[in-house]
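Protein sequence lines correspond, in order, to chains C and Z. One point on numbering: in this note's numbering, the residue at position 429 of the first sequence is 484, and numbering is uninterrupted. One point on numbering: in this note's numbering, the residue at position 229 of the second sequence is 792, and numbering is uninterrupted. Down below is the structure, laid out as structure tokens.
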Amino acid sequence: MATLAAPAGPIAERQPTDWATPAMRSRIAARYRAERNFRRLGAAALVIAASFLAFLLFTIVRDGWTGFQRTETRIEVQFDAATLGVDPAAVAGPQGQALLARADYQALLLKAAEQLGPADDTLSDAAWMDLREALMDDPTLLGKRASLWVPVRSSIDLLAKGKYDLAAPAESRGVTDREVSDWRWLDGKGLLRTGFNTTFLFGADSTEPELAGIGGAALGSLLTLAVTIAIAFPLGVFSAVWLEEFAPKGRLADIIELSINNLAAVPSIIFGLLGLAFFLNFAGMPRSAPLVGGITLALMIMPVIVIASRVAIKAVPPSIRDAALGIGASPIQVVFHHVLPLALPGIMTGTIIGIARALGETAPLLLIGMRAFVTDVPQGFTAPATVLPMQVFLWSDDVQRGFVEKTSAAIMVLMLVLIAMNSLAIYLRNRFERRW
Amino acid sequence: MNQNPAIGHNTVPKMTARDVNVFYGQKQAIKNVSIDVSAEHVTAFIGPSGCGKSTFLRCLNRMNDTVDGARVEGRIELDGQDVYASGMDVVQLRARVGMVFQKPNPFPKSIYENVAYGPRLHGLARSKTDMDEIVESALKRAGLWDEAKDRLNESGTAMSGGQQQRLCIARAIAVDPEVILMDEPCSALDPIATARIEELIDELRGRYAIVIVTHNMQQAARVSQKTAFFHLGTLVEYDDTSSIFTNPKATRTKDYITGRYG
Numbered sequence: 056m057a058t059l060a061a062p063a064g065p066i067a068e069r070q071p072t073d074w075a076t077p078a079m080r081s082r083i084a085a086r087y088r089a090e091r092n093f094r095r096l097g098a099a100a101l102v103i104a105a106s107f108l109a110f111l112l113f114t115i116v117r118d119g120w121t122g123f124q125r126t127e128t129r130i131e132v133q134f135d136a137a138t139l140g141v142d143p144a145a146v147a148g149p150q151g152q153a154l155l156a157r158a159d160y161q162a163l164l165l166k167a168a169e170q171l172g173p174a175d176d177t178l179s180d181a182a183w184m185d186l187r188e189a190l191m192d193d194p195t196l197l198g199k200r201a202s203l204w205v206p207v208r209s210s211i212d213l214l215a216k217g218k219y220d221l222a223a224p225a226e227s228r229g230v231t232d233r234e235v236s237d238w239r240w241l242d243g244k245g246l247l248r249t250g251f252n253t254t255f256l257f258g259a260d261s262t263e264p265e266l267a268g269i270g271g272a273a274l275g276s277l278l279t280l281a282v283t284i285a286i287a288f289p290l291g292v293f294s295a296v297w298l299e300e301f302a303p304k305g306r307l308a309d310i311i312e313l314s315i316n317n318l319a320a321v322p323s324i325i326f327g328l329l330g331l332a333f334f335l336n337f338a339g340m341p342r343s344a345p346l347v348g349g350i351t352l353a354l355m356i357m358p359v360i361v362i363a364s365r366v367a368i369k370a371v372p373p374s375i376r377d378a379a380l381g382i383g384a385s386p387i388q389v390v391f392h393h394v395l396p397l398a399l400p401g402i403m404t405g406t407i408i409g410i411a412r413a414l415g416e417t418a419p420l421l422l423i424g425m426r427a428f429v430t431d432v433p434q435g436f437t438a439p440a441t442v443l444p445m446q447v448f449l450w451s452d453d454v455q456r457g458f459v460e461k462t463s464a465a466i467m468v469l470m471l472v473l474i475a476m477n478s479l480a481i482y483l484r485n486r487f488e489r490r491w
Numbered sequence: 564m565n566q567n568p569a570i571g572h573n574t575v576p577k578m579t580a581r582d583v584n585v586f587y588g589q590k591q592a593i594k595n596v597s598i599d600v601s602a603e604h605v606t607a608f609i610g611p612s613g614c615g616k617s618t619f620l621r622c623l624n625r626m627n628d629t630v631d632g633a634r635v636e637g638r639i640e641l642d643g644q645d646v647y648a649s650g651m652d653v654v655q656l657r658a659r660v661g662m663v664f665q666k667p668n669p670f671p672k673s674i675y676e677n678v679a680y681g682p683r684l685h686g687l688a689r690s691k692t693d694m695d696e697i698v699e700s701a702l703k704r705a706g707l708w709d710e711a712k713d714r715l716n717e718s719g720t721a722m723s724g725g726q727q728q729r730l731c732i733a734r735a736i737a738v739d740p741e742v743i744l745m746d747e748p749c750s751a752l753d754p755i756a757t758a759r760i761e762e763l764i765d766e767l768r769g770r771y772a773i774v775i776v777t778h779n780m781q782q783a784a785r786v787s788q789k790t791a792f793f794h795l796g797t798l799v800e801y802d803d804t805s806s807i808f809t810n811p812k813a814t815r816t817k818d819y820i821t822g823r824y825g
């Protein structure tokens, strides 16, 4: 019905555009130049970022790879029942293992160390545990001689790994002349070997660097994250489902959304304060426990999971919901048959990124006591434990030289776990991603 | 205008609407519409964009329930049963009044699963063989069996647009509805796929009451026996398709049919 309006007046005739004038050419050249420069700028930024990362990785690996190794020395041990203070007849009896566990191995070690002559003070304080382990594994050794490899002191270990600058003056090189000469003597006799350190991978923390391990902290992280996932994933996903699919749109929904976005930006130490005030002081839950750490971290990453899940749920096309509703699916069936399966890759990615953040978190755990010095692998969710980043923090704080390489080695373990988790996130996303 | 909503009907209507008003918030989208839909015929809703024909269609199986702020007044009945009564089970209603949408929207699952989803939801198959039969007959009725029988486990989304839309029709048929609502089912399809869907609608006529919303007046003329013309939220004219296209009574209908606006 409508007709085009007639032009209001005469339209001025324009000259045809001349694309070959110098001004036009230089405009075009400038445009290409700007584009080239921008690409170079982007590439340069990438190179700088990559070199920072490479430098970081290089220094950590350079300092840390020896942390996976330990130097040991060979000693001949006479498993003398008298020195051990046990009765050979009783050892053969039913209480034999208990008896062997309580025997005096320190005296045995002291005797055995005499054979090292001038270097008799080079054995680790805890080398007697290796003797106990050997004898308890094979009780027939009692009364016999055996050749054993036992760990040496951290200073000898570091000397064997070449960590000291021996050309430096004695007062600044961090190691005594006695230790250097002990090491030279042992090394000269061929009594030293440096091999893979299983204690580091599977053991717990210790005051002695040569005995300290990351295993306790790794298990602590695992237990803590198990609690975190068990709480944050269902709560986060169901909050997101409710907010996206069922919540009445309005002021209340807006306020909730705003609160969640703000919660995601709250500094993590605040969650630690909350954990301290509520879980420890009010609810009386155990200090330093993975249970409390896990709940605290769950509170911290839940907003992240809610936000990621909402984005994933929102990305499911409405036509799929219509299709399911149109053949008589109930709203719950629409969510569980269609929306959640389609949103799952996105939800998983968000969750794993949240969990990776929880894995690297120290601040909130400091406040609930997870910086405790724990020499045992944690026995359960309520036992005292520490976590990987906290172990890094504790060791980096330690004055002993031997912990420097342990710190870097622990960082390597932490980063490997993080890389593994991120790879899993990418794998899951690609595996379950569906197109429509 | 709505003096005689049952105009031209000589059978018991499948669905009846009386004085239906629909509001989106403050805005009224449908004004006082009364209409009868016959079980034997294909009924077409035509009208310019934004005239409310799709909105009204979505009232018939309560798909407007999912739209925030939508409010429906008046009475809509399916076989004399009030669709908006508080005791009405929406899930069952949508099984009886199926729907095909504007854009083909198969689930990102296999062809078989797409068709089997509805029957499984409503417990229509007692065994795997039962289900196989339901899927086969639904695909046959939707004219898709020959193309799909060798690729039942392939994704429904991997098919062409026209095949996807027929899959959606098969999916709607599989729950054995009494009424099928089609909301511009061909608007996203090419002419050949459109022709195939139109043939299909003709084949399904009589077995199901079919209501189709379309922009395309030729399509309405080809597939329907009854045509309702909507304009600005009101039902302007409802009559046999042949009368509407050859001898419209209202001037607005005439103007629309002859392309004066739309």
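In this text, a Cβ means the ideal position worked out from N, Cα and C, and glycines have one as well.
A contact between stretches requires three or more CB pairs, one per stretch, nearer than 8 angstroms, and the region 326 to 337 of chain C meets this requirement with the region 346 to 360 of chain C. The three-state secondary structure of Glu416/C, taken from DSSP, is coil. Non-local C-beta neighbours of Leu473/C in its own chain, meaning closer than 6 angstroms and more than five positions away in sequence, comprise Ala411, ordered along the chain.
Secondary structure remark: continuous beta strand (DSSP E) runs of at least 3 residues inside the region 211 to 260 of chain C, in chain order: 247 to 251. Contact of Asp309/C with chain Z by beta-carbon distance below 8 angstroms is absent, the smallest such distance being about 14 angstroms.
Note on Gln726/Z: 16 or more other CB atoms within 10 angstroms of its CB, so buried under the neighbour-count rule.
Here Ser179/C is buried. Its C-beta has 16 or more other C-beta atoms within 10 Å. Contiguous beta strand (DSSP E) elements confined to the region 568 to 633 of chain Z occur at 576 to 587, 590 to 601, 605 to 609, taking only those with 3 or more residues. Under the Cβ criterion (8 angstroms, minimum of three pairs), the region 163 to 183 of chain C counts as touching the region 126 to 138 of chain C. Chain-order list of chain C residues neighbouring Phe664/Z: Ser374, Asp377, Ala378, Gly381, by C-beta distance under 9 angstroms. In the three-state reduction of the DSSP assignment, Gln644/Z falls in the strand class. In this structure, the beta-carbon distance from Ala756/Z to Gly719/Z does not fall below 8 angstroms. The distance from the Cβ of Ile382/C to that of Ala701/Z is about 11 angstroms, inconsistent with a contact at the 8 angstroms cut-off.
Rounded to the nearest angstrom, the gap between the Cα atoms of Val207/C and Gly275/C is 28 angstroms. Proximity of chain Z to Ala384/C at the Cβ level (cut-off 7 angstroms) is accounted for by Leu684, in chain order. Counting along the chain, Phe792/Z sits inside the beta strand (DSSP E) bounded by residues 789 to 794.
A direct Cα-Cα distance of roughly 12 angstroms separates Val600/Z from Asp803/Z. Residues of the region 687 to 708 of chain Z with a C-beta less than 8 angstroms from any C-beta of chain C: none at all.
Using beta-carbon distances, Leu395/C does not count as an interface residue toward chain Z, since no partner is under 8 angstroms. The criterion of a C-beta distance shorter than 8 angstroms is satisfied by Ser463/C and Ile115/C. Secondary structure of Asp453/C (DSSP, three-state): coil. By the neighbour-count criterion, in which 16 or more other beta carbons inside 10 Å mark a residue as buried, Asn317/C falls on the exposed side. Taking the Cα of Arg200/C as reference, the smallest distance to any Cα among Pro322/C, Val429/C, Leu186/C is reached at Leu186/C. Within the model, the alpha-carbon separation for Gly637/Z versus Ile736/Z is close to 29 angstroms. Lys304/C has a beta carbon lying within less than 8 angstroms of a beta carbon in chain Z. Under a criterion of Cβ atoms nearer than 9 angstroms, the residues of chain C adjacent to Ala658/Z are, in order, Ile382, Gly383. Around the CB of Gly327/C, 16 or more other CB atoms lie within 10 Å, so the residue is classed as buried.
In this structure the region 373 to 392 of chain C does not touch the region 418 to 433 of chain C; the number of beta carbon pairs closer than 8 angstroms is below three.
For Ala711/Z, the closest C-alpha among the options Met626/Z, Thr692/Z, Asn677/Z is that of Asn677/Z. Taking CB atoms only, Gln388/C has a neighbour in chain Z less than 8 angstroms away. Where Gln124/C is concerned, the enclosing beta strand (DSSP E) starts and stops at 124 to 133. Interface with chain C (8 angstroms Cβ-Cβ cutoff): Pro671/Z is included.
With contacts defined as CB atoms closer than 8 angstroms, Glu234/C and Ile211/C qualify as a contacting pair. Taking the C-beta atoms as reference points, Leu266/C is found no nearer than 8 angstroms to Ala156/C.
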